[in-house]
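These protein sequence lines map, in sequence, to chains A and B. For the first sequence, the working numbering assigns the number 1 to the initial residue and increments by one for each residue that follows. For the second sequence, the working numbering assigns the number 1001 to the initial residue and increments by one for each residue that follows. Note that the Cβ used here is the ideal one computed from N, Cα and C, for glycine as well. Reading through the structure tokens given below for one structure.
Protein chains: 2
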Amino acid sequence: MAVSIAYLGPPGTYAESAALAYVHWFRQETGEESLLCPYPSIAQALKAVARQQADLAVVPVENSIEGSVTMTLDTLWQLDKLQIQQALVLPIFHALLSKAEDIDKIQAVYSHPQALAQCQVWLETFLPMAQPIPINSTTEAVKYLDGDKTAATISSQRAAELYNVPILAFPINDNPDNCTRFWVLSLQPSQGGTHTSLAFSVRANVPGALVKPLQIFADRNINLSRIESRPTKRSLGDYLFFIDLEADPRQPSVQSALTELENYTETLKIFGGYTVLPVRSLQTENSAP
Amino acid sequence: MAVSIAYLGPPGTYAESAALAYVHWFRQETGEESLLCPYPSIAQALKAVARQQADLAVVPVENSIEGSVTMTLDTLWQLDKLQIQQALVLPIFHALLSKAEDIDKIQAVYSHPQALAQCQVWLETFLPMAQPIPINSTTEAVKYLDGDKTAATISSQRAAELYNVPILAFPINDNPDNCTRFWVLSLQPSQGGTHTSLAFSVRANVPGALVKPLQIFADRNINLSRIESRPTKRSLGDYLFFIDLEADPRQPSVQSALTELENYTETLKIFGGYTVLPVRSLQTENSAP
């Protein structure tokens, strides 16, 4: 039976591109086929795996311009059982899709808030009079374009092909180094690898409370590649910390760090150890329709 | 001449409530009047002050449920001249506004993504079939309610009064301790107070690079009330850190910490020292129409 992979749909989103890249790698590694299952939100894609309605979820974690995808972090903390199997980094190139006869005719640009933010300077320069309108995903508004020739969306080249809409400008992202990191998660124990991700809440307020956990890793020369704070949702000023380590959780120094860390945290959750898939194979898959 | 105050409009947003609370306090303190100026985005409200088109901006920084308002942090870093004059914490109680005859008739709920997220459990429980639709502000969609009796918005009680729309449910926020912290900013040098806010980028990657700055404050018993990472937008894995200290920037220990901090940061920006206005006076102002 094919492996089912949940992602933020509909087809044509960057999450689908990431899922396709994973499918490509997975087929080469195992010879197995996969089935892509679109969900209306990141939370629902993750919950589908927690409820065993899907085998894997591919979800965005962080974009180089817009930062953390807070929905992913908050849902992972809340679900408390998913483990990271892989990470992958997808280069993001945005296109302006529209059935307008001319770019000057465009009055509204629909897209996901992160995509609008990533093209902000381009929009202010080339479409200063058009209204940016945030929606749930980069492809949700493609269906409006047929009926409204003054509307445009910021979406992927793949979405333009899938839905047969002309690309009026490409690439339109303000920063050429725009990329998004995704995690592949399942209920299986993670296999270890080059990175370890975890999150914790602390007992007291932030001050020394955060220095000590960071010191534990610094003392062992374990590199942190990211730290992100999120509210515990209990009260203002009460935080969780999400941390990525550049180290394998099976390494003795990491194991001793995690044991010591328990003394300085209130709740500690280990999301597993994993490797980052090489970008080359992803780009090959992405360039296919 | 009245002091002009920029905020994320239109009237009826929580940013307007925060601005009104500030106006109330400012009038009591100085006897001076103020003029509220709505802007279509947080970035535009801040830029209006940087360009001297408004004297002050009142902008949200952080919500107890949804976390940082990244638009505020990113714009402050980029503008590089605004100083924080005051902070204030506003309790947030959401209402469901609609002209529907009955709550069961509602098919779509429009609001700012943060407000939708803050009422997620309530919506799933009482309006499971209604589609949540993210828009630019909590009040933007109030105008749709006249023509569409299957639509609702999540907004403030004040918006219901201003726009004469019935409240079908109140309060609907999932967490009763929902509150948002705002900063009041201007081009004037800040006056000091109980808190200091700053941001910095670091030369190397995060690991020891972040331990050292935190250690500088811990060594001096300076409490950090918040730390937030944001991408530098240069490349994935390259961050800025926003830090709030529970200390006056004029204190000798803070001055020596900031001097030492320069040795461990690439770019260091001090956003000033300020006090947090008492909540009691804000609640009084909010309960007024």
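Do you know how far the Cα of B:ALA1057 is from the Cα of B:ALA1006? In the second sequence, counting from the first residue as 1, residue 1006 of chain B sits at position 6. In the second sequence, counting from the first residue as 1, residue 1057 of chain B sits at position 57. Computed Cα separation, rounded: 4 Å.
Taking DSSP as the reference, what is the three-state secondary structure of A:ALA48? As a first step, residue 48 of chain A must be located in the first sequence, where it is residue number 48. Here A:ALA48 sits in helix by DSSP.
Report, in whole angstroms, the separation of the C-beta atoms of B:ARG1230 and B:LEU1214, which I expect to be a contact under 8 Å. Looking up residue 1230 of chain B in the second sequence gives position 230. Looking up residue 1214 of chain B in the second sequence gives position 214. Contact doesn't hold; Cβ gap of about 17 Å is too wide.
Distance, Cα to Cα, B:ARG1250 vs B:LEU1088? Locating residue 1250 of chain B in the second sequence gives position 250, where the first residue counts as 1. Locating residue 1088 of chain B in the second sequence gives position 88, where the first residue counts as 1. Going by the C-alpha atoms only, they are around 21 Å apart.
Which chain A residues sit within Cβ distance under 8 Å of B:LEU1210? On the second sequence, residue 1210 of chain B is found 210 positions in, with the first residue counted as 1. Neighbours of B:LEU1210 on chain A, chain order: LEU214, LEU224 and ILE227.
Would you mind stating whether B:ILE1106 and B:ALA1115 have Cβ atoms separated by less than 8 Å? Here residue 1106 of chain B refers to the residue found at position 106 of the second sequence. Here residue 1115 of chain B refers to the residue found at position 115 of the second sequence. The answer is no: Cβ separation not under 8 Å.
Assess contact between the region 184-202 of chain A and the region 77-85 of chain A, defined as three or more Cβ pairs (one per stretch) separated by less than 8 Å. Is contact present? yes
Tell me the rounded alpha-carbon separation between B:GLN1283 and B:GLN1028. Within the second sequence, the letter at position 283 stands for residue 1283 of chain B. Within the second sequence, the letter at position 28 stands for residue 1028 of chain B. In this prediction, B:GLN1283 scores a pLDDT of 44, lower than 50, which makes its location untrustworthy; the coordinate-derived value is nonetheless stated afterwards. Going from the Cα of B:GLN1283 to the Cα of B:GLN1028 covers about 15 Å.
Just tell me which of A:GLU33, A:ALA19 and A:ASN63 has its CA closest to the CA of A:ASN178. By 1-based counting over the first sequence, the position of residue 178 of chain A is 178. If we check each option's Cα against that of A:ASN178, A:ASN63 comes out closest.
Contact set between A:ASP80 and chain B, taken where Cβ atoms lie within less than 7 Å: Against the first sequence, residue 80 of chain A aligns to sequence position 80. Within 7 Å Cβ-Cβ: nothing; A:ASP80 doesn't reach chain B, min ~17 Å.
What ranges does the alpha helix (DSSP H) occupy inside the region 1155-1202 of chain B, keeping only unbroken runs of at least 4 residues that lie completely in it? 1157-1163
Same chain only: Cβ atoms within 8 Å of A:VAL202, ignoring 5 sequence neighbours per side: On the first sequence, residue 202 of chain A is found 202 positions in, with the first residue counted as 1. Excluding positions up to five away in sequence, the list reads ALA209, LEU210, PRO213, TYR239, PHE241, TYR264, THR265 and GLU266.
For B:GLN1157 versus B:ALA1095, is the C-beta distance shorter than 8 Å? Your numbering for residue 1157 of chain B matches position 157 in the second sequence. Your numbering for residue 1095 of chain B matches position 95 in the second sequence. It is a contact, given that the beta carbons lie within the stated cut-off.
Within the 8 Å Cβ cut-off, does B:GLY1009 reach chain A? Taking the first residue of the second sequence as 1, we reach residue 1009 of chain B at position 9. No, B:GLY1009 lies away from the interface with chain A (no Cβ there is under 8 Å from its Cβ).
Give, in chain order, every residue of the region 1173-1197 of chain B whose Cβ lies closer than 7 Å to some Cβ of chain A. ASN1175, ASP1177, CYS1179 and ARG1181
Proximal residues to B:LYS1047 (C-beta, below 6 Å), its chain only, five neighbours per side dropped: Within the second sequence, the letter at position 47 stands for residue 1047 of chain B. Here the set comprises nothing.
Cutting at 6 Å between CB atoms, please list the residues of its own chain near B:ILE1172, excluding the five before and the five after it. The residue given as residue 1172 of chain B occupies position 172 in the second sequence. So the list reads HIS1094, LEU1096, CYS1119 and TRP1122, once near-sequence residues are dropped.
If you follow the beta strand (DSSP E) that B:GLN1083 is part of, which residue opens it and which one closes it? The residue you call residue 1083 of chain B lines up with position 83 of the second sequence. B:GLN1083 -> beta strand (DSSP E) spans 1083-1091.
Go ahead and pull the three-state DSSP assignment for B:THR1153. On the second sequence, residue 1153 of chain B is found 153 positions in, with the first residue counted as 1. The answer is strand: DSSP assigns B:THR1153 an E or B state.
Helix, strand or coil, according to DSSP, for B:PRO1213 in the structure here? Position 213 of the second sequence, counting from 1, holds the residue named residue 1213 of chain B. If DSSP states are grouped into helix, strand and coil, B:PRO1213 belongs with the helices.
Anything in chain B within Cβ reach of A:ILE65, meaning under 8 Å, just list it in chain order. Residue mapping note: residue 65 of chain A aligns to position 65 of the first sequence, counting from 1. Those are PRO1231 and LYS1233, listed as they occur along chain B.
Starting from A:VAL89, find everything on chain B with Cβ-Cβ shorter than 9 Å and list it in chain order. Within the first sequence, numbered from 1, the residue matching residue 89 of chain A stands at position 89. Those within 9 Å of A:VAL89 in chain B are LEU1236.
Helix, strand or coil at A:ASN256 according to DSSP, with G and I counted as helix: Position 256 of the first sequence, counting from 1, holds the residue named residue 256 of chain A. One detail in the question is off: residue 256 of chain A reads as Ser in this sequence, not Asn. Residue state, collapsed to three classes: helix.
Give every residue of the same chain whose Cβ lies closer than 7 Å to the Cβ of A:THR70, excluding the five residues on either side of it in the sequence, and list them in chain order. Along the first sequence, one-based indexing puts residue 70 of chain A at 70. Here the set comprises ARG230.
Buried versus exposed call for A:ASP104 [16 or more other C-beta atoms within 10 Å across all chains shown]: By 1-based counting over the first sequence, the position of residue 104 of chain A is 104. Flag for A:ASP104 reads exposed.
Between the region 143-154 of chain A and the region 1137-1150 of chain B, can you find at least three pairs of beta-carbon atoms closer than 8 Å? no
Status (buried if at least 16 other CB within 10 Å, exposed otherwise) for B:VAL1276: As a position in the second sequence, residue 1276 of chain B is number 276, starting the count at 1. Exposed, since its Cβ has fewer than 16 Cβ neighbours within 10 Å.
Element boundaries [alpha helix (DSSP H), containing A:GLU29]: Counting from 1 along the first sequence, the entry for residue 29 of chain A is found at position 29. Where A:GLU29 is concerned, the enclosing alpha helix (DSSP H) stretches over 14-30.
For chain A, is any of its Cβ atoms less than 8 Å away from the one on B:ILE1135? Counting from 1 along the second sequence, the entry for residue 1135 of chain B is found at position 135. True, the Cβ-Cβ gap to chain A drops below 8 Å.
Which residues does DSSP pair with B:GLN1131 in a beta bridge? Locating residue 1131 of chain B in the second sequence gives position 131, counting from the first residue. For B:GLN1131, which the question treats as bridged, DSSP gives the partners B:ALA1108.
Check each candidate in B:LYS1269, B:PRO1252, B:TYR1039 and B:HIS1024 and name the one with the smallest Cα separation from B:GLU1140. Here the question's residue 1140 of chain B lines up with position 140 in the second sequence. Here the closest residue by C-alpha is B:TYR1039.
Please identify the residue among A:ALA257, A:THR232, A:ILE227 and A:PHE200 whose C-alpha is closest to the C-alpha of A:ASN221. Sequence index remark: in the first sequence, residue 221 of chain A carries index 221 (1-based). Cα-wise, what sits closest to A:ASN221 is A:ALA257.
Determine, for A:THR138, whether the minimum Cβ-Cβ distance to residues of chain B falls below 8 Å. On the first sequence, position 138 is the one that residue 138 of chain A refers to. So, not an interface residue.
At the level of alpha carbons, what is the spacing between B:SER1098 and B:GLU1246? For the purposes of this step, residue 1098 of chain B is taken as residue 98 along the second sequence, with counting starting at 1. For the purposes of this step, residue 1246 of chain B is taken as residue 246 along the second sequence, with counting starting at 1. Computed Cα separation, rounded: 42 Å.
Buried or exposed by the 16-neighbour rule on C-beta atoms within 10 Å, applied to A:LYS81: Within the first sequence, residue 81 of chain A is the residue found at index 81, counting from 1. A:LYS81 comes out exposed.
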